[in-house]
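A.B. asks:
2 protein chains.
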Amino acid sequence: MRPTVHDIAAAAGVSLATVDRVLNQRPGVRHVTREKVETAIRELGYIRDVAAANLAKGRTYPLVFILPASDNSFMHGLNAEIRQAVLRSSAERTDIRTIEVPAFDPAALVSVLEELSREKPCGIALVATDAPGVRAVVDRLVRERFPIVTLVSDLTGSLRHHYAGVDNIAAGRTAARLLGRFLGPKKGEIAVLAGSMLVRDHRERLEGFTAVMAEEFPDLAILPVLEGRDDPEIAHMLVADALCRNAGIIGVYSLGAGNRGLIRALKEKAVDRVLTVIAHELTAHTRAALIDNTIDAILNQDAGHEVRSAIRVLKAKADGLAVIEAQERIRLDIFLKDNLP
Amino acid sequence: MRPTVHDIAAAAGVSLATVDRVLNQRPGVRHVTREKVETAIRELGYIRDVAAANLAKGRTYPLVFILPASDNSFMHGLNAEIRQAVLRSSAERTDIRTIEVPAFDPAALVSVLEELSREKPCGIALVATDAPGVRAVVDRLVRERFPIVTLVSDLTGSLRHHYAGVDNIAAGRTAARLLGRFLGPKKGEIAVLAGSMLVRDHRERLEGFTAVMAEEFPDLAILPVLEGRDDPEIAHMLVADALCRNAGIIGVYSLGAGNRGLIRALKEKAVDRVLTVIAHELTAHTRAALIDNTIDAILNQDAGHEVRSAIRVLKAKADGLAVIEAQERIRLDIFLKDNLP
DNA sequence: GATTTTTTGATTTACGTACATCAAAATTGG
DNA sequence: CCAATTTTGATGTACGTAAATCAAAAAATC
Numbered sequence: 001m002r003p004t005v006h007d008i009a010a011a012a013g014v015s016l017a018t019v020d021r022v023l024n025q026r027p028g029v030r031h032v033t034r035e036k037v038e039t040a041i042r043e044l045g046y047i048r049d050v051a052a053a054n055l056a057k058g059r060t061y062p063l064v065f066i067l068p069a070s071d072n073s074f075m076h077g078l079n080a081e082i083r084q085a086v087l088r089s090s091a092e093r094t095d096i097r098t099i100e101v102p103a104f105d106p107a108a109l110v111s112v113l114e115e116l117s118r119e120k121p122c123g124i125a126l127v128a129t130d131a132p133g134v135r136a137v138v139d140r141l142v143r144e145r146f147p148i149v150t151l152v153s154d155l156t157g158s159l160r161h162h163y164a165g166v167d168n169i170a171a172g173r174t175a176a177r178l179l180g181r182f183l184g185p186k187k188g189e190i191a192v193l194a195g196s197m198l199v200r201d202h203r204e205r206l207e208g209f210t211a212v213m214a215e216e217f218p219d220l221a222i223l224p225v226l227e228g229r230d231d232p233e234i235a236h237m238l239v240a241d242a243l244c245r246n247a248g249i250i251g252v253y254s255l256g257a258g259n260r261g262l263i264r265a266l267k268e269k270a271v272d273r274v275l276t277v278i279a280h281e282l283t284a285h286t287r288a289a290l291i292d293n294t295i296d297a298i299l300n301q302d303a304g305h306e307v308r309s310a311i312r313v314l315k316a317k318a319d320g321l322a323v324i325e326a327q328e329r330i331r332l333d334i335f336l337k338d339n340l341p
Numbered sequence: 001m002r003p004t005v006h007d008i009a010a011a012a013g014v015s016l017a018t019v020d021r022v023l024n025q026r027p028g029v030r031h032v033t034r035e036k037v038e039t040a041i042r043e044l045g046y047i048r049d050v051a052a053a054n055l056a057k058g059r060t061y062p063l064v065f066i067l068p069a070s071d072n073s074f075m076h077g078l079n080a081e082i083r084q085a086v087l088r089s090s091a092e093r094t095d096i097r098t099i100e101v102p103a104f105d106p107a108a109l110v111s112v113l114e115e116l117s118r119e120k121p122c123g124i125a126l127v128a129t130d131a132p133g134v135r136a137v138v139d140r141l142v143r144e145r146f147p148i149v150t151l152v153s154d155l156t157g158s159l160r161h162h163y164a165g166v167d168n169i170a171a172g173r174t175a176a177r178l179l180g181r182f183l184g185p186k187k188g189e190i191a192v193l194a195g196s197m198l199v200r201d202h203r204e205r206l207e208g209f210t211a212v213m214a215e216e217f218p219d220l221a222i223l224p225v226l227e228g229r230d231d232p233e234i235a236h237m238l239v240a241d242a243l244c245r246n247a248g249i250i251g252v253y254s255l256g257a258g259n260r261g262l263i264r265a266l267k268e269k270a271v272d273r274v275l276t277v278i279a280h281e282l283t284a285h286t287r288a289a290l291i292d293n294t295i296d297a298i299l300n301q302d303a304g305h306e307v308r309s310a311i312r313v314l315k316a317k318a319d320g321l322a323v324i325e326a327q328e329r330i331r332l333d334i335f336l337k338d339n340l341p
């Protein structure tokens, strides 16, 4: 049997009330007494029964998710996963709210965060726009003991407790190697479609991609990056245009969202050409394109895992508990048409 | 606030004791009364607070893991993950025990299961040897209301509640496509190294692999399968022998364990040849081989996820609760040297 | 040494459920 | 209709922790 507060009280030679004061950092305990209790806790290996504690406290975990208001399948999917989590909230004692902010807009994100700091949620998850202003508020909130995790896209150099997303440099590198290996001995040009260089995940993917391309596949030349702002219409225009102008394109890497537009452009302008295409994010559109051979591989981050991981981590941080690191690592999924879920 | 037993009692117009009798299927409730209570439960959307219930019951979950006594890195890793889970058992109210049985030995597995049926654990996870005798006991145990999940390798047509492992047909298909795409226009022969055709996971991987090879890569010929019994020594011998005899081999698919032997053989016999190699299971050996380009891609199942998933599912089944299907799907990891964890 | 302040103890209630006991009511059998 | 049986209610305790109250003891201040 694991020890209880009663065992601690007996072992330390103090009353239950004192143990409670120590455990819940309430005032009115002398330093020496506090130490006696802490020693007993350590020696007996006491671990607070979180279930019982939550029951007694009637505790719930008010959590806030801050998402960019982007109209693409990935963000819709992320939203859907959060709604799923809301359905489970009674069992998990969570109370989840989402706030949408304009995409790629640091100032809007900052003001939302400022406001949140007043209403004291017990945890915040945000898709970070990577800007110094954002980092400043996040760091301040962390210092004020708000558990904060970044979701999908991280915040450079910030104190956030955790990042629930994939390693985007590795993702870019992986895309490059897949593209290079799939193309084999062919020489030609590679078009890269990104959302915006204002978000860190896109920058990092590009960074990884170009690094491996330069190191290992010198016969493939990367064309200037097309910035589609994760918008299907803009993406369509940019890709269609590039394909028309440049007959030397033999491969495409789409590292952002808005793949609907990319796929349409490919089907319109490249029916007669053999292109090798790698895209990010598994959605209804990219899935169909993978199956009909328009896309050769999809790199994906599982939005459901990211949301559940963010919630687990925020709850754990709120309780001052450890997390299972390996469990919270968000893996890069690679889908070919054979291993689609 | 979610409804409690008190709310149910009030709504149904009965006493707390009667609600309790209904909830815990105790006798002494008239049919009509029982229905009244069940209606109230449904209408208020009552969900038992599992944490409070477990607290009251002082419940623990005695779980048993049955593993083959195989001396390879994957099984060692699986064992290590179970030990990790044991460390968490006080917090998770689990009481985990593992039993080792001889590998590829249905009779041994059956007798262990028979014995377990007497001591009533609240859940069993087993790496199944796919044999009718094993299926028969498992089905009997399921009918006797033992929660059972298969781990890593499934049991054909059985009633087990859940399978915590990857889709091995998809894994084989994926391996074939990666190999085919990496080899590009080359023609030649492919060596396949398996553990044993007695376990379903290996059979399925081979099935998926040969299917895609036949459909999509007719220029690649699959040589007769080498059965290495997941043993590094045997694997080494078989692969070295095949490489010496057959100069036409341009690719290797290792779908089982014992990759230490494979890697040694490759380094000894194929330094001067350009081979494309796909192997299963990320271990210290395969990881090193991926980094030094001896292996081109590794397909992996995350043993930690499998163990944690098995535990979650067994607990949920023991409590008669639903599981989050998407969370319990074990994904096939594809590792290139760029996305190693 | 008396007074104030701080620290500690003892005790109670609560959280939501499980489970046991005993009495009261309702139903059934004869 | 009475007795036997079944069903239901009322009540209390327990699980491990949180949180509050009030009294008692110890320490610090003058």
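These protein sequences, in sequence, are chains A and B. In terms of the UniProt record's numbering, the first sequence has 183 at position 183, counting the first letter as 1, and numbering is strictly consecutive. In terms of the UniProt record's numbering, the second sequence has 215 at position 215, counting the first letter as 1, and numbering is strictly consecutive. All residues carry an ideal CB built from backbone N, CA and C; glycine is no exception. Given the structure is predicted, the values throughout are model-derived calculations rather than measurements.
(1) If residue 221 of chain A sits next to residue 81 of chain A, beta carbons under 8 Å apart, how far is it from one beta carbon to the other, in whole angstroms?
(2) Residue 229 of chain B to residue 60 of chain B, Cα distance in whole Å?
(3) When DSSP labels each residue in this structure, what does residue 304 of chain B get in the three-state scheme?
(4) Going by the CB atoms, is the gap between residue 333 of chain A and residue 331 of chain B shorter than 8 Å?
(5) Helix or strand or just coil, what does DSSP make of residue 250 of chain B?
(6) Name the two residues that bound the continuous beta strand (DSSP E) containing residue 65 of chain A.
(7) By the criterion of Cβ-Cβ separation under 7 Å, what are the contact partners of residue 91 of chain A in chain B?
(8) What does DSSP give as the partner residues of residue 129 of chain A in its beta bridges?
(9) Can you tell me whether residue 158 of chain B is buried or exposed? The criterion is at least 16 other CB atoms within 10 Å of its CB, across all chains shown.
(10) On the DSSP bridge list, what partners appear for residue 280 of chain A?
(11) May I have the straight-line CA-CA distance separating residue 58 of chain A from residue 79 of chain A, to the nearest angstrom?
(12) Just mark residue 6 of chain B as buried or exposed, buried being the case when its beta carbon has 16 or more other beta carbons within 10 Å.
(13) Any contact between the stretch 165-179 of chain B and the stretch 100-119 of chain B? By contact I mean 3 or more CB pairs, one from each, below 8 Å.
(14) Rounded to the nearest angstrom, what separates residue 254 of chain A and residue 97 of chain B at their Cα positions?
(15) Measuring CA to CA, which of A/127, A/131, A/143, A/134 is closest to residue 149 of chain A?
(16) Could you say which of A/318, A/279, A/327 lies nearest to residue 308 of chain A if we only look at CA atoms?
(17) With distances taken from CA atoms, which of A/3, A/138, A/121, A/336 is nearest residue 170 of chain B?
(18) Does residue 122 of chain A pass the burial test, meaning 16 or more other C-beta atoms within 10 Å, or should it be called exposed?
(19) Please say whether residue 224 of chain A and residue 261 of chain A have beta carbons closer to each other than 8 Å?
(20) Give me the DSSP bridge partner(s) of residue 226 of chain A.
(21) Taking all protein chains shown into account, decide if residue 31 of chain A is buried (16 or more other Cβ within 10 angstroms of its Cβ) or exposed.
(22) In terms of DSSP beta bridges, what is residue 159 of chain B paired with?
(23) With the cut-off set at 8 Å, would you say residue 266 of chain B and residue 274 of chain B are in Cβ contact?
(24) So is residue 274 of chain B in contact with chain A if we call contact Cβ pairs under 8 Å?
(25) Tell me the DSSP secondary structure of residue 172 of chain B in three-state form.
(26) Is the shortest distance between the beta-carbon of residue 288 of chain A and the beta-carbons of chain B less than 8 Å?
(27) By Cβ distance below 8 Å, which residues in the same chain neighbour residue 135 of chain B in space, the five residues on each side in sequence not counted?
(28) Is residue 18 of chain A close to chain B? Criterion is C-beta to C-beta, closer than 8 Å.
(29) Counting only Cβ-Cβ distances shorter than 9 Å, please list the residues of the stretch 181-194 of chain B near chain A, keeping chain order.
(30) Checking 8 Å against the spacing of the C-beta atoms, do residue 125 of chain B and residue 65 of chain B come in under that value?
(31) Roughly how far, in whole angstroms, is the beta-carbon of residue 257 of chain B from the beta-carbon of residue 195 of chain B, given that I think they are within contact range, below 8 Å?
(32) Which residues of chain B have a Cβ atom closer than 7 Å to the Cβ of residue 341 of chain A, listed in chain order?
(33) Look up residue 220 of chain B in the DSSP assignment and give the residues it is bridged to.
(34) Applying a beta-carbon distance threshold of less than 7 Å, which residues of chain B neighbour residue 334 of chain A?
(35) With a cut-off of 8 Å, does the C-beta of residue 246 of chain A fall near any C-beta of chain B?
(36) So, using beta-carbon positions, are residue 95 of chain B and residue 63 of chain B closer together than 8 Å?
C.D. replies: Well, looking at it:
(1) Counted from its first residue, the first sequence places residue 221 of chain A at position 221. Counted from its first residue, the first sequence places residue 81 of chain A at position 81. Incorrect: roughly 38 Å between the Cβ atoms, too far for contact.
(2) Against the second sequence, residue 229 of chain B aligns to sequence position 229. Against the second sequence, residue 60 of chain B aligns to sequence position 60. Each residue's alpha carbon lies about 38 Å from the other.
(3) For the purposes of this step, residue 304 of chain B is identified with residue 304 of the second sequence, where counting begins at 1. It is helical.
(4) In the second sequence, counting from the first residue as 1, residue 331 of chain B sits at position 331. In the first sequence, counting from the first residue as 1, residue 333 of chain A sits at position 333. For residue 331 of chain B and residue 333 of chain A, yes; Cβs fall inside 8 Å.
(5) The residue labelled residue 250 of chain B in the question sits at position 250 within the second sequence. Of the three classes helix, strand and coil, the one that applies to residue 250 of chain B here is strand, per DSSP.
(6) Reading the first sequence from its first residue, position 65 is the one you call residue 65 of chain A. 61-68 is the span of the beta strand (DSSP E), which, as asked, contains residue 65 of chain A.
(7) Taking the first residue of the first sequence as position 1, residue 91 of chain A is located at position 91. 47, listed in chain order.
(8) Working through the first sequence from its first residue, we reach residue 129 of chain A at position 129. BP columns for residue 129 of chain A are empty, so no partner.
(9) Position 158 of the second sequence, counted from the start, is the residue given in the question as residue 158 of chain B. That one is buried.
(10) Here residue 280 of chain A is taken as the residue at index 280 of the first sequence, counted from 1. Looking at the DSSP assignment, residue 280 of chain A forms a beta bridge with A/299.
(11) Working through the first sequence from its first residue, we reach residue 58 of chain A at position 58. Working through the first sequence from its first residue, we reach residue 79 of chain A at position 79. C-alpha separation (whole angstroms): 28 Å.
(12) In the second sequence, the residue the question calls residue 6 of chain B occupies position 6. Its Cβ having fewer than 16 others within 10 Å, residue 6 of chain B is exposed.
(13) no
(14) Along the first sequence, one-based indexing puts residue 254 of chain A at 254. Along the second sequence, one-based indexing puts residue 97 of chain B at 97. Residue 254 of chain A and residue 97 of chain B: Cα-Cα distance of roughly 48 Å.
(15) By 1-based counting over the first sequence, the position of residue 149 of chain A is 149. Per the Cα distances, A/127.
(16) By 1-based counting over the first sequence, the position of residue 308 of chain A is 308. The shortest Cα separation from residue 308 of chain A among A/318, A/279, A/327 belongs to A/327.
(17) To locate residue 170 of chain B, count along the second sequence from 1; it is residue 170. Measuring from the Cα of residue 170 of chain B, the nearest candidate turns out to be A/336.
(18) Within the first sequence, residue 122 of chain A is the residue found at index 122, counting from 1. So residue 122 of chain A ends up on the buried side.
(19) Counted from its first residue, the first sequence places residue 261 of chain A at position 261. Counted from its first residue, the first sequence places residue 224 of chain A at position 224. Not closer than 8 Å, so no.
(20) Start at 1 with the first residue of the first sequence, and residue 226 of chain A comes out as number 226. According to DSSP, which records beta bridges pairwise, residue 226 of chain A is partnered with A/193.
(21) The residue you call residue 31 of chain A lines up with position 31 of the first sequence. Exposed, because fewer than 16 other Cβ atoms sit within 10 Å of the Cβ of residue 31 of chain A.
(22) Position 159 of the second sequence, counted from the first residue, corresponds to residue 159 of chain B. Bridge partners of residue 159 of chain B: none, in fact.
(23) In the second sequence, residue 266 of chain B corresponds to position 266, counting from 1. In the second sequence, residue 274 of chain B corresponds to position 274, counting from 1. No, they are not a contact pair.
(24) Counting from one through the second sequence, the residue named residue 274 of chain B turns up at place 274. By this cut-off, residue 274 of chain B is not an interface position.
(25) Counted from its first residue, the second sequence places residue 172 of chain B at position 172. Correct three-state label for residue 172 of chain B: helix.
(26) Counting from one through the first sequence, the residue named residue 288 of chain A turns up at place 288. Taking Cβ atoms only, chain B never reaches closer than 8 Å to residue 288 of chain A, which makes this a no.
(27) Against the second sequence, residue 135 of chain B aligns to sequence position 135. Cβ within range, chain order: 155, 156, 157, 158.
(28) Indexing the first sequence from 1 puts residue 18 of chain A at position 18. So no, residue 18 of chain A is outside the interface.
(29) 181, 182, 183, 184, 185, 186
(30) Taking the first residue of the second sequence as position 1, residue 125 of chain B is located at position 125. Taking the first residue of the second sequence as position 1, residue 65 of chain B is located at position 65. Taking 8 Å as the Cβ cut-off, residue 125 of chain B and residue 65 of chain B qualify as a contacting pair.
(31) The residue you call residue 257 of chain B lines up with position 257 of the second sequence. The residue you call residue 195 of chain B lines up with position 195 of the second sequence. Contact flag correct, Cβ pair sits at about 6 Å.
(32) Along the first sequence, one-based indexing puts residue 341 of chain A at 341. The contacting residues are 329.
(33) Locating residue 220 of chain B in the second sequence gives position 220, counting from the first residue. Residue 220 of chain B is bridged to B/188.
(34) Taking the first residue of the first sequence as position 1, residue 334 of chain A is located at position 334. The answer, in chain order, is 334.
(35) Within the first sequence, residue 246 of chain A is the residue found at index 246, counting from 1. Not closer than 8 Å to any Cβ of chain B, the Cβ of residue 246 of chain A fails to qualify, so no.
(36) Along the second sequence, one-based indexing puts residue 95 of chain B at 95. Along the second sequence, one-based indexing puts residue 63 of chain B at 63. Yes. Within cutoff.
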